[in-house]
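Student: Let me begin by handing over the structure; questions about it come next.
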Amino acid sequence: METDVLVVGAGPTGLTLGIDLARRGVDALVVERGERLFPGSRGKGLQPRTLELFDDLGVLDAIRAAGGSYPAAMIWRDGERVGERRMSDPAEASEGAPYAEPWMVPQWRTQEILLARLEELGGKVAFGRHLTGLTFRARGVRAEFATGEPVHARHLVAADGGRSTVRRALGIGMTGETVDPGPLLVADVRLTGLDRGHWHMFPPHGETGGFLSLCPLAGTEEFQMVAQFPAGTRADLSAEGIRELVAARSHLSPGDVTEVRWASEFRPRAALADRFREGPVFLAGDAAHIHSPAGGQGLNTSVQDAWNLGWKLGAVLRDGAPAALLDTYEEERRPVAADVLGLSTGVHRGEVRRGEATRQLGVGYRTSSLSRETRPDPGPVRAGDRAPDGTVGGVRLFDAFRGPHWTLLALGVPAPGVPVRVVRGPAHAAYGTGLFLVRPDGYVGWAGETAADGLAQYLALVGLA
Ligand SMILES: Cc1cc2nc3c(=O)[nH]c(=O)nc-3n(C[C@H](O)[C@H](O)[C@H](O)COP(=O)(O)OP(=O)(O)OC[C@H]3O[C@@H](n4cnc5c(N)ncnc54)[C@H](O)[C@@H]3O)c2cc1C
186 METDVLVVGA
196 GPTGLTLGID
206 LARRGVDALV
216 VERGERLFPG
226 SRGKGLQPRT
236 LELFDDLGVL
246 DAIRAAGGSY
256 PAAMIWRDGE
266 RVGERRMSDP
276 AEASEGAPYA
286 EPWMVPQWRT
296 QEILLARLEE
306 LGGKVAFGRH
316 LTGLTFRARG
326 VRAEFATGEP
336 VHARHLVAAD
346 GGRSTVRRAL
356 GIGMTGETVD
366 PGPLLVADVR
376 LTGLDRGHWH
386 MFPPHGETGG
396 FLSLCPLAGT
406 EEFQMVAQFP
416 AGTRADLSAE
426 GIRELVAARS
436 HLSPGDVTEV
446 RWASEFRPRA
456 ALADRFREGP
466 VFLAGDAAHI
476 HSPAGGQGLN
486 TSVQDAWNLG
496 WKLGAVLRDG
506 APAALLDTYE
516 EERRPVAADV
526 LGLSTGVHRG
536 EVRRGEATRQ
546 LGVGYRTSSL
556 SRETRPDPGP
566 VRAGDRAPDG
576 TVGGVRLFDA
586 FRGPHWTLLA
596 LGVPAPGVPV
606 RVVRGPAHAA
616 YGTGLFLVRP
626 DGYVGWAGET
636 AADGLAQYLA
646 LVGLA
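381 is the number that this note's numbering gives to position 196 of the sequence shown; each next residue is one higher, with no gaps.
Here it is in structure tokens:
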């Protein structure tokens with residue numbers, strides 16, 4: 186069997202990439218070792234920048250309908266409510282950033298929505314396909330599976346999670362540290378005795394051994410339970426063990442936990458792959474970087490990797506862009522992942538608050554070799570920056586950007602003839618004046634005063650001329 190792009194893993198990263206490749210008409214296959222999608226709620230916090238990505242992919246309405254906003258935290262001690270606090274600094278929606286707050290959707294539901302969109306676009310996931318090894322060939326990669334035929338692909342994307350088989354097979358190391366010496370238990374449970382209007386926190390005290398948190402999962406009747414254990418101990422993942430743990434660390438009784446739907450144990454680490462690329466193979470998502478769950482960055486950083494890589498693969502494989510374009514994936518995404526590692530470890534240790542940085546709206550690529558700022562005196566938005574929303578000439582910009590294409594904004598200057606969609610208008614408060622060529626992933630690639638500032642060369646670089 187042959188395909189242009191083999192995506193290994195149908196987690197949020199693989200599904201997002203699958204959608205982006207499908208809408209570009211790139212021949213791609215997503216393979217997943219499980220017989221179905223992952224069942225747990227773990228990455229439940231969708232950051233504003235991810236909501237913008239989901240808007241671009243056409244799944245935002247479904248994501249909105251499936252979730253809810255974050256409730257305030259309620260701190261408990263000895264069966265008493267002792268304080269309430271917000272989980273993150275408040276933010277107001279604005280014209281430029283219409284999605285201001287994180288949105289809660291259990292990860293299993295996000296994945297169902299992404300899979301449905303992939304299938305709507307004609308893509309598919311081959312379940313029960315466990316990649317066991319790979320070898321490089323003259324034109325790409327041959328992937329071997331525990332059962333079934335090998336697959337030949339021009340490119341392979343490892344979206345196979347933190348324990349990535351592909352990363353290990355390539356001998357790419359992960360450099361990092363343990364964030365917390367003890368394990369964390371995470372489970373999806375049903376229970377009685379707590380309101381659904383708060384994220385309930387039971388800080389450690391006395392003999393309890395670690396904190397317990399119970400967060401009502403928006404759009405469901407379940408709570409996500411997270412419990413911390415001392416170094417050198419193990420969590421008991423049985424339903425009975427979980428009931429006893431809840432009773433030991435809160436005022437609830439074992440019988441208040443009426444169902445345990447899913448439970449897992451993990452050790453929070455912060456680590457970054459030494460490389461994001463090896464020849465025709467790319468690492469993306471948790472395969473490339475793992476974070477503490479605190480601050481809700483892992484899934485978000487992962488799907489942003491996919492958004493960065495998807496259009497570049499499409500440009501090279503379908504539009505004849507120079508293959509060197511693919512080098513910019515690691516150049517752009519590895520520094521972002523390194524920053525996020527520090528951020529989520531800081532949130533985990535209580536040194537950094539959830540707020541502006543965790544929303545990921547400030548992530549950009551100003552220093553990337555793909556960002557060409559040619560104006561001597563740039564305004565507020567420069568090449569490499571996230572392209573904000575707004576209204577230009579009666580057109581909402583996020584409506585204009587939505588989809589796999591590039592967009593040229595001509596603001597206060599004449600628009601040249603270009604093979605991309607053009608939006609014209611006067612100088613704009615958020616952007617300033619000039620020509621702004623907006624990449625398919627919503628960042629300004631090139632900015633200039635006139636097309637003579639190198640627009641044609643830039644279009645050739647990205648396969649548009
Ligand atoms: C308790 C907890 C809370 C979290 N909270 C948040 C949060 O609020 N916000 C946030 O952004 N992130 C959060 N995260 C992190 C988030 O869950 C991960 O970052 C995210 O799942 C990464 O997506 P992925 O697609 O890269 O990897 P995964 O979701 O791990 O998906 C990898 C897929 O690859 C498959 N696979 C693995 N090996 C193979 C193979 N050899 N062959 C074929 N398929 C294979 C797996 O079965 C799996 O389906 C949390 C994590 C935990 C544990």
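We treat Cβ as the ideally placed atom computed from N, Cα and C, and that holds for glycine.
Might you give, ordered along the chain, the residues of its own chain that have their beta carbon closer than 8 Å to the beta carbon of Pro427, omitting 5 neighbours on each side?
Tutor: Reading the sequence as shown, one finds Ile at residue 427 and not Pro. Correct list, in chain order: Leu370, Ala372, Val374, Met410, Asp421, Val442, Val445, Ala448.
Student: Counting only the same chain and skipping the five closest in sequence on each side, list residues whose C-beta sits under 6 Å from that of Leu502.
Tutor: Asp189, Val211.
Student: Taking the alpha helix (DSSP H) that Trp293 belongs to, which residues open and close that run?
Tutor: Here the alpha helix (DSSP H) through Trp293 covers 292-305.
Student: Which partner residues does Leu457 have in the DSSP bridge list?
Tutor: Thr360, His474, per the DSSP bridge assignment.
Student: Going residue by residue through the stretch 626-650, where are the continuous alpha helix (DSSP H) segments of at least 4 residues, counting only ones entirely within it?
Tutor: Listed in chain order, they are 640-646.
Student: Could you give the first and the last residue of the continuous alpha helix (DSSP H) run that contains His533?
Tutor: Per DSSP, His533 belongs to the alpha helix (DSSP H) from 512-533.
Student: Candidates Pro197, Val192, Leu238: which alpha carbon is nearest Phe583's?
Tutor: Of Pro197, Val192, Leu238, the residue nearest in Cα terms is Leu238.
Student: Got a sec: does ligand 1 put a non-hydrogen atom nearer than 8 Å to the Cβ of Asn493?
Tutor: Flag unset: Cβ of Asn493 not near ligand 1.
Student: Under 9 Å between the Cβ atoms of Glu425 and Pro415?
Tutor: No.
Student: Below 8 Å CB to CB, which residues in the same chain sit around Thr513 once its five sequence neighbours on both sides are set aside?
Tutor: Excluding residues within five positions, the ones whose Cβ falls inside 8 Å are Lys497, Ser553, Ser554, Leu555.
Student: For Arg294, which residues from the same chain have a beta carbon less than 7 Å from its beta carbon, with the 5 sequence-adjacent residues on both sides left out?
Tutor: Excluding positions up to five away in sequence, the list reads Ala251, Gly404.
Student: Give me whichever residues DSSP pairs with Ile260 in a beta bridge.
Tutor: Answer by DSSP bridge pairing, in chain order: Gly268, Met386.
Student: Measuring straight from C-alpha to C-alpha, what distance separates Gly243 and Gly194?
Tutor: When rounded, the distance between both Cα atoms is 21 Å.
Student: Check for me: the beta strand (DSSP E) holding Arg446 runs from which residue to which?
Tutor: Residues 442-451.
Student: Where do the N-terminal and C-terminal ends of the beta strand (DSSP E) with Val603 fall, by residue?
Tutor: First-last for Val603: undefined, no H or E at that position.
Student: Does the beta-carbon distance from Leu484 to Gly230 come in below 9 Å?
Tutor: Against a cut-off of 9 Å, the Cβ pair of Gly230 and Leu484 comes out as a contact.
Student: Among the candidates Pro565, Ala615, Trp631, Arg560, whose CA atom is the shortest distance from the CA of Leu593?
Tutor: Nearest of Pro565, Ala615, Trp631, Arg560 to Leu593, Cα basis: Trp631.
Student: Locate the beta strand (DSSP E) running through Gly619, then write down its first and last residues.
Tutor: From DSSP, the beta strand (DSSP E) with Gly619 extends over 619-623.
Student: What would DSSP say about Trp496, mapped onto helix, strand or coil?
Tutor: In the structure shown, Trp496 sits in a helix (DSSP, three-state: H, G or I).
Student: Between which two residues does the beta strand (DSSP E) holding Ala343 run?
Tutor: From DSSP, the beta strand (DSSP E) with Ala343 extends over 336-343.
Student: Roughly how many angstroms lie between the CA atoms of Val548 and Gly268, to the nearest whole one?
Tutor: Computed Cα separation, rounded: 34 Å.
Student: Just mark Glu334 as buried or exposed, buried being the case when its beta carbon has 16 or more other beta carbons within 10 Å.
Tutor: Its Cβ having fewer than 16 others within 10 Å, Glu334 is exposed.
Student: CA-CA distance, Gly627 and Ala456?
Tutor: Roughly 27 Å separates the two Cα atoms.
Student: Are there any heavy atoms of ligand 1 lying less than 8 Å away from the beta-carbon of Arg462, as far as the coordinates show?
Tutor: False, no ligand heavy atom lies under 8 Å from that Cβ.
Student: Would you mind sorting Asp274 into buried or exposed? The rule is 16 or more other CB atoms within 10 Å of its CB.
Tutor: Burial call: exposed.
Student: Take Gly264 as the anchor and find which of Thr576, Gln545, Val488, His436 has the nearest alpha-carbon.
Tutor: Out of Thr576, Gln545, Val488, His436, His436 has the C-alpha closest to the C-alpha of Gly264.
Student: How many Å lie between Ala472 and Gln545 at the Cα?
Tutor: So the two alpha carbons sit approximately 20 Å from each other.
Student: Using 8 Å as the cut-off, classify the Cβ of Leu222 as near or not near the heavy atoms of ligand 1, replying yes or no.
Tutor: Checking the Cβ of Leu222 against ligand 1 gives yes.
Student: For ligand 1, is there any heavy atom lying closer than 8 Å to the beta carbon of Ala665?
Tutor: Outside the displayed range of the chain (186 to 650) lies residue 665, so it cannot be described from this structure.
Student: Write down every uninterrupted run of the alpha helix (DSSP H) in the stretch 197-237 whose length is 4 residues or greater and which is fully enclosed by it, in chain order.
Tutor: Within the stretch 197-237, the complete alpha helix (DSSP H) runs of at least 4 residues are 197-208.
Student: Measuring from the CB of Thr350, is there a heavy atom of ligand 1 at a distance below 8 Å?
Tutor: The answer is yes for Thr350.
Student: Taking the alpha helix (DSSP H) that Glu425 falls in, what are its first and last residues?
Tutor: Where Glu425 is concerned, the enclosing alpha helix (DSSP H) stretches over 424-434.
Student: Is Leu355 helix, strand or coil by DSSP?
Tutor: Three-state result, Leu355: coil.
Student: Do you know whose CA, among His340, Arg302, Leu399, lies nearest Ala257's CA?
Tutor: For Ala257, the nearest C-alpha among the options comes from Leu399.
Student: Quick check: does the Cβ of Glu329 come within less than 8 Å of any heavy atom belonging to ligand 1?
Tutor: Not so, every heavy atom of ligand 1 lies at least 8 Å from the Cβ.
Student: When DSSP builds the beta bridges, which residues end up paired with Gln409?
Tutor: Answer by DSSP bridge pairing, in chain order: Asp373, Cys400.
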